[in-house]
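Enquirer: Just passing along the structure, written as structure tokens.
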Amino acid sequence: MTTDTGRTAERTARPGELSSGELLGRALDGALGPDPRTLRIAVAFTTRQAVRHDGRSGGYRNEVLSLRLAEAVGSCAVEPGALPDGAIEDCVGADVARLLRHDLTPVRIAALDAYLMHVLPHTPGHGARPVSLAAGDSLRKSRARAESVTRLLDLAPGRTVLVVGVVNSLLEALRSRGLRYLPCDLKGGTTEWGEPIATDALARLDHCDAVLASGMTLGNGTFEPLREHALRHGKQLVMFAQTGSAVLPRLIGAGVSAVCAEPYPFFWLDGGPGTIHCYGGAP
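Using the numbering used here, you'd call the opening residue of the sequence shown number 93 and step up by one each time.
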């Protein structure tokens, strides 16, 4: 599908040529906005969360590194406990260019996300379609987000979606549309309905019609194989992104077909109304 927002993003991405690493390189070169050597991170922080929604049998934990650049916050999720203690101190006061070259992938992604959020915020002028999330408890807001995410998939009932980064509300929304899914997550385990969760998503790429993936794949190094597969085979790759919410929209047309972008603060932090931003897909 081609929409005005899709055309805007495709011009930015130069279809077929831009990887996430190349996007980072352009940011370093100052090709996307101000010289990153002139911009400094004022605040760095982590957010740790554990959740078990009412009515759900299982729960999960999240940990997110966030960097504040002027009015923008960039984020990258990490496995709980995986971020070294000194990473936050390493980021505070550092210029963005140094963090874009940092040894830790989550720091590089959070820095790129903050930079792009600063340069290309989530506005209609940059291709975003704001979607309001009503106030409610954590499960209600999770389900509302899931509806917006799954609407970005253009698939008929009976088709199969590879879901990378299992969120039960997303699986529930896919089930309600009559879509089949292959759940994959590095943590493994089972879904709310007792289905086994595979740990190797790449091994299942040939068995799906489309891919629905978490922005966490940017931070753990599994995103590029998904993007390349989608580009090579003409499959839809829809991203739901708290990690890299400002990064992934720039890759629409270069393997990514649509993005549900959710910058900090995330829906699970606040029971009040919120906003997510959709790029590509059906209006």
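Beta carbons are placed, not taken as given, at the ideal position from N, Cα and C, and that holds for glycine.
Apply the 10 Å Cβ neighbour rule to ALA54 and answer buried if 16 or more other Cβ atoms are within range, or exposed otherwise.
Expert: Shown here, the chain extends from 93 to 375; a query on residue 54 therefore has no answer.
Enquirer: Spell out the partners DSSP gives ASP205 in its beta bridges.
Expert: Residue mapping note: residue 205 aligns to position 113 of the sequence shown, counting from 1. Partner(s): none; ASP205 has no beta bridge.
Enquirer: Determine, using beta carbons only, whether ALA338 comes closer than 8 Å to chain B.
Expert: Absence of chain B from the displayed structure is noted, only one protein chain being present.
Enquirer: Rounding to the nearest angstrom, what Cα-Cα distance links GLY270 and GLY311 in this structure?
Expert: Looking up residue 270 in the sequence shown gives position 178. Looking up residue 311 in the sequence shown gives position 219. About 31 Å.
Enquirer: Nearest to ALA164 by alpha carbon, out of ALA206, SER349, THR283 and ASP301?
Expert: Position 72 of the sequence shown, counted from the first residue, corresponds to residue 164. Measuring from the Cα of ALA164, the nearest candidate turns out to be ALA206.
Enquirer: Does the beta-carbon of GLU181 have 16 or more other beta-carbons within 10 angstroms, so that it is buried, or is it exposed?
Expert: Against the sequence shown, residue 181 aligns to sequence position 89. It counts as exposed.
Enquirer: How should SER64 be labelled, buried or exposed, when 16 other C-beta atoms within 10 angstroms of its C-beta is the threshold for buried?
Expert: Residue 64 lies beyond the residue range present for the chain, which begins at 93 and ends at 375; the question has no answer from this structure.
Enquirer: Return the bridge partner residues of GLU155 from the DSSP annotation.
Expert: Along the sequence shown, one-based indexing puts residue 155 at 63. In the DSSP output, where bridge partners are listed per residue, GLU155 has ARG140 and VAL170.
Enquirer: Using only the alpha-carbon positions, how far apart do HIS218 and ARG132 sit?
Expert: Working through the sequence shown from its first residue, we reach residue 218 at position 126. Working through the sequence shown from its first residue, we reach residue 132 at position 40. When rounded, the distance between both Cα atoms is 23 Å.
Enquirer: Just tell me which of ARG118, TYR371 and ALA293 has its CA closest to the CA of GLY313.
Expert: Counted from its first residue, the sequence shown places residue 313 at position 221. Of the listed residues, the one whose Cα sits closest to GLY313 is ALA293.
Enquirer: For ALA305 and LEU329, which I take to be in contact (beta-carbon distance under 8 Å), what is that distance rounded to the nearest angstrom?
Expert: The residue labelled residue 305 in the question sits at position 213 within the sequence shown. The residue labelled residue 329 in the question sits at position 237 within the sequence shown. With a Cβ gap of about 7 Å, ALA305 and LEU329 count as contacting.
Enquirer: Can you tell me whether DSSP reads ALA117 as helix, strand or coil?
Expert: Looking up residue 117 in the sequence shown gives position 25. According to the sequence provided, residue 117 is Gly. The question's Ala does not apply to it. Helix at GLY117.
Enquirer: DSSP puts GLY132 in a beta bridge; with which residues?
Expert: As a working mapping, residue 132 is identified with position 40 in the sequence shown. Looking at the sequence provided, one finds Arg at residue 132 rather than Gly. DSSP lists ASP187 as partners of ARG132.
Enquirer: I need the straight-line Cα distance from GLY125 to PRO213, nearest angstrom please.
Expert: The count along the sequence shown starts at 1 and reaches residue 125 at position 33. The count along the sequence shown starts at 1 and reaches residue 213 at position 121. About 12 Å.
Enquirer: Could you give the DSSP three-state label for VAL165: helix, strand or coil?
Expert: Start at 1 with the first residue of the sequence shown, and residue 165 comes out as number 73. Looking at VAL165 - three-state DSSP - the assignment turns out to be strand.
Enquirer: Should SER224 be labelled buried (16 or more other beta-carbon atoms within 10 Å of its own) or exposed?
Expert: Position 132 of the sequence shown holds residue 224. It is exposed - the Cβ of SER224 has fewer than 16 other Cβ atoms within 10 Å.
Enquirer: Given this structure, state the Cα-to-Cα distance separating ARG272 from GLY250, to the nearest angstrom.
Expert: The residue you call residue 272 lines up with position 180 of the sequence shown. The residue you call residue 250 lines up with position 158 of the sequence shown. Those two C-alpha atoms are separated by around 6 Å.
Enquirer: On a CA-only basis, which of LEU323, GLU354, THR139 and VAL135 is nearest ASN154? Give me that one, please.
Expert: Counting from one through the sequence shown, the residue named residue 154 turns up at place 62. Taking only the C-alpha atoms, the option nearest ASN154 is THR139.
Enquirer: Could you compute how far the alpha carbon of GLY98 sits from the alpha carbon of GLY366?
Expert: Here residue 98 refers to the residue found at position 6 when the sequence shown is read from its first residue. Here residue 366 refers to the residue found at position 274 when the sequence shown is read from its first residue. With a pLDDT of only 32 at GLY98, under 50, the local geometry of the prediction cannot be trusted, and the value read off the model is given with reservation. Their Cα atoms are separated by approximately 24 Å.
Enquirer: Out of LEU297, GLY347, ARG342 and PHE137, which has the shortest C-alpha to C-alpha gap to ARG319?
Expert: What you label residue 319 is simply residue 227 of the sequence shown in a count that begins at 1. Among LEU297, GLY347, ARG342 and PHE137, the Cα nearest to that of ARG319 belongs to GLY347.
Enquirer: What number of angstroms, rounded off, separates the C-alpha of ALA322 from the C-alpha of THR130?
Expert: Here residue 322 refers to the residue found at position 230 when the sequence shown is read from its first residue. Here residue 130 refers to the residue found at position 38 when the sequence shown is read from its first residue. When rounded, the distance between both Cα atoms is 36 Å.
Enquirer: Just reading off the alpha helix (DSSP H) that ALA317 is part of, what are its end residues?
Expert: Looking up residue 317 in the sequence shown gives position 225. Note on identity: in this sequence residue 317 is Pro, with Ala being the wrong assignment. Residues 315-325.
Enquirer: Determine the burial state of VAL303: buried for a count of at least 16 other Cβ atoms within 10 Å of its Cβ, exposed for fewer.
Expert: Your numbering for residue 303 matches position 211 in the sequence shown. By the 10 Å Cβ count, VAL303 comes out buried.
Enquirer: To which residues does DSSP link ALA333 through a beta bridge?
Expert: The residue labelled residue 333 in the question sits at position 241 within the sequence shown. According to DSSP, ALA333 bridges with ALA353.
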